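Some notes on the structure that comes next.
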Amino acid sequence: MHVQTERRTGAPANREANVFHAFILLSTVICGTLAPTVIGPVLPEMQRHFADVPGIETLVPVVVTMPMLVLGALAMVIGAISDKVGRKRVLVGSLVLYAIAGTAPLYLDSIHAILASRALVGLAEAAAMTVSTSFIGDLFTGSRRDRYAALQITVASTSAFVFNLMGGMLGAYGWRAPFVAYALPLLLAPLVQIFIWDTRAALTEAHARAAADEPVFRPWLLALICLAAFGVGLVFMIVPVHLSFMLVQLGVHSTSAIGFAYAVNSAAIIVGTLCFGWVLASRCTVLQQFVLGTLVCGLGFVCMGTAHDETMLTVGGAINGVGCGIVLPALVSWGLRSLPFSRRGFGTGAFTAAQFIGYFCSPIIVMGMVMHSGSRFAVVQTWGIALFVLAAVCLAVPLLRVRRLKLG
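So the mapping is simple: the numbering used here equals the position in the sequence shown, first residue as 1, plus 18.
Here you go:
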């Protein structure tokens, strides 16, 4: 009997992952976009509701950032657990927990209880994002894996845009109403349970033979990927945090104009992910992908830093969005192709955690630079120049190595 062994997916030899399975896994990325987007519009109303609580001005923003902190702390641990107990049960459990904890503010009357529920949301989010990305690495290979890694960012960016609108509409019914959206993962849990198989349980003899071709786990390489992920997190958060302040500094006070600038940036990220998935993934090496994305990000920052009007600043934000849309899936693809099946959950959790720690640290680092220089525009331009230098170094090191080998 002939047994196919060319696919290193971790799936049973007689099962083939298809677009439907990818759709289910890609849909789970909503767990990473609901937290900061759907409740953002109602935070001022929430603060007014709990106005008598000491320190409420600090506690309400933590409602948004708490899941990110927990995700950064626990993603690697949860990824390692999924390597041991199986990804399917972890993913299904995380989707159910996400819905239960996410909707808890509908009936909780204590801001501290709400913060506790948000910590559970972070736990579930860490599991869902880490395991769904690991599943893509398990079930797909080559250009299909790279394309679906890019589509993860596409879906995340698109859903963030949709949930921003949803949060605003639901907010008209009170600050609790947007938390209803957190029930959406309950629709995905049965689909994962029924249609996604546990790749750990599929370690057949055929897979064992195919696994001989898998990459060897190299801790130093994972550390390098995590360092890159931290840097990507730092860079990615600059536009979302500072664009509105820069527009106001240029005299733009219309919320619709500011919202348009953010929408253009979000659309540009989607364009970048599509460029990566359908053009760059199959034509460029990992280094070339990162260099190109870094150059485009840097160009966007320089345009923003030198902008003297709303149009130029919006264009700069769009250019930066395209670069981020290239770099983000390049990072995920690099991580997945560098990890063996047995350590994929651990490794994916590690670079996911590093990326979210970068998200958290970005405003702290950038605002420290702003306080020192006195100008957001100067700081953003400095970041752009630094990215140009980084891209040049990344290009120069391999060339110097080749030249040294020739001379040797």
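A virtual CB, placed ideally from N, CA and C, is assigned to each residue, including glycine.
Note that the structure is predicted; figures quoted are calculated from it, not measured.
Nearest-angstrom beta carbon gap, residue j and residue i [assumed within contact, 8 Å]
| i | j | result |
| --- | --- | --- |
| SER177 | ILE48 | 5 Å |
| LEU240 | ALA368 | 6 Å |
| PHE359 | ALA98 | 14 Å between Cβ atoms; not a contact. |
| HIS271 | LEU157 | With 8 Å as the limit, HIS271 and LEU157 do not qualify as a contact, their Cβ atoms being about 49 Å apart. |
| GLN170 | THR151 | 7 Å |
| VAL210 | LEU331 | Not quite, the Cβ-Cβ distance comes to about 42 Å (not below 8 Å), so this is no contact. |
| PHE235 | THR51 | About 31 Å separates the two Cβ atoms, so there is no contact after all. |
| LEU357 | PRO233 | 7 Å |
Beta-carbon proximity list for residue i, same chain, < 7 Å, skipping 5 on both sides
| i | result |
| --- | --- |
| ALA226 | Per-residue confidence for ALA226 stands at a pLDDT of 48, beneath the threshold of 50, marking its modelled position as unreliable; the derived number appears in the next sentence. Taken in chain order, the list of residues that qualify is empty. |
| ALA299 | SER161, ASP164, ARG165, ALA168, SER351 |
| VAL250 | VAL345, LEU346, LEU349, GLN373, GLY376 |
| CYS315 | VAL253, ASN338, GLY341, CYS342, VAL345, LEU405 |
| GLY295 | ASP164, ARG165, ALA168, LEU169, PRO347 |
From the options, residue whose alpha carbon lies closest to that of residue i
| i | options | result |
| --- | --- | --- |
| MET322 | ALA285, GLN399, PRO258, GLY277 | GLN399 |
| LEU43 | PRO208, VAL384, MET385, ALA348 | PRO208 |
| VAL415 | ILE382, SER391, LEU305 | LEU305 |
| PHE179 | ILE57, ALA348, CYS379, VAL388 | ILE57 |
| VAL257 | THR172, VAL384, SER100 | VAL384 |
| THR172 | SER135, GLY353, CYS342 | CYS342 |
| GLY318 | GLY295, ARG301, GLY290 | GLY290 |
| ALA247 | ARG194, VAL210, SER112, PHE378 | PHE378 |
| ARG136 | LEU87, LEU183, LYS106, MET184 | LEU87 |
| PHE41 | SER274, GLY339, ILE214, ILE382 | ILE214 |
| ASN36 | GLY111, GLU75, ASN182, THR159 | THR159 |
| LEU206 | VAL234, GLY111, TRP296 | GLY111 |
| ARG194 | ARG66, CYS244, TRP238, LEU89 | ARG66 |
| ARG394 | THR329, GLY353, ALA325 | ALA325 |
| LYS102 | ARG361, MET389, ALA190, VAL388 | ARG361 |
| THR46 | LYS106, GLY73, ILE74 | LYS106 |
| GLY353 | LEU188, GLY73, ALA410, PRO237 | PRO237 |
| SER274 | ILE243, ALA409, LEU183 | LEU183 |
| GLY155 | ILE74, ARG355, ALA410, ALA409 | ARG355 |
| THR366 | CYS302, ILE74, LEU242 | LEU242 |
Own chain partners of residue i with C-beta closer than 6 Å, once the 5 adjacent residues on each side are dropped
| i | result |
| --- | --- |
| SER351 | ASP164, ALA167 |
| GLY186 | PRO59 |
| SER175 | SER284, ILE287, ILE288 |
| ILE129 | PHE68, VAL71, LEU77 |
| LEU437 | In this structure the chain extends from 19 to 426, so residue 437 is not present and cannot be described. |
| SER380 | LEU252, MET255 |
| SER391 | VAL397 |
| SER100 | VAL108, VAL149, GLY363 |
| MET387 | VAL397 |
| ALA131 | none |
| ALA409 | VAL309, THR312, LEU313 |
8 Å Cβ cutoff, residue i in contact with chain C
| i | result |
| --- | --- |
| PHE235 | In the structure shown, chain C does not exist; there is a single protein chain. |
8 Å Cβ shell around residue i - same chain, five flanking residues per side excluded
| i | result |
| --- | --- |
| CYS412 | LEU305, PHE308, VAL309, THR312 |
| LYS133 | Going by the sequence as given, residue 133 is Leu instead of Lys. Same-chain partners within the cutoff: LEU77, VAL80, VAL81, MET84. |
| TYR116 | CYS49, VAL139, ALA142, GLU143, ALA146, TYR200, PRO203 |
| ASP327 | LEU268 |
message: Please give the ranges of any beta strand (DSSP E) in the region 229-308, keeping only runs that are unbroken, at least 3 residues long and fully inside the region.
response: none
field: Inside the region 167-223 only - alpha helix (DSSP H) runs reaching at least 4 residues
entry: 203-213
field: Three CB pairs or more closer than 8 Å across the region 50-67 and the region 77-86
entry: yes
Inter-stretch contact (C-beta, 8 Å, three-pair minimum) for the region 254-266 and the region 397-411: yes
message: Whether or not the region 327-343 and the region 252-262 are in contact is what I'm after, with contact meaning three or more pairs of Cβ atoms, one per stretch, closer than 8 Å; do they touch?
response: yes
query: Just checking, does the region 403-413 make contact with the region 277-284 on the three C-beta pairs under 8 Å criterion?
result: no
message: I want to know whether the region 372-388 touches the region 86-106 - three or more CB-CB distances under 8 Å.
response: yes
message: Report the start-end ranges of each alpha helix (DSSP H) in the region 55-95 that is 4 residues or longer and not cut off at the edges.
response: 61-67
query: Within the chosen definition, does the region 191-207 reach the region 123-134 through at least 3 CB pairs nearer than 8 Å?
result: yes
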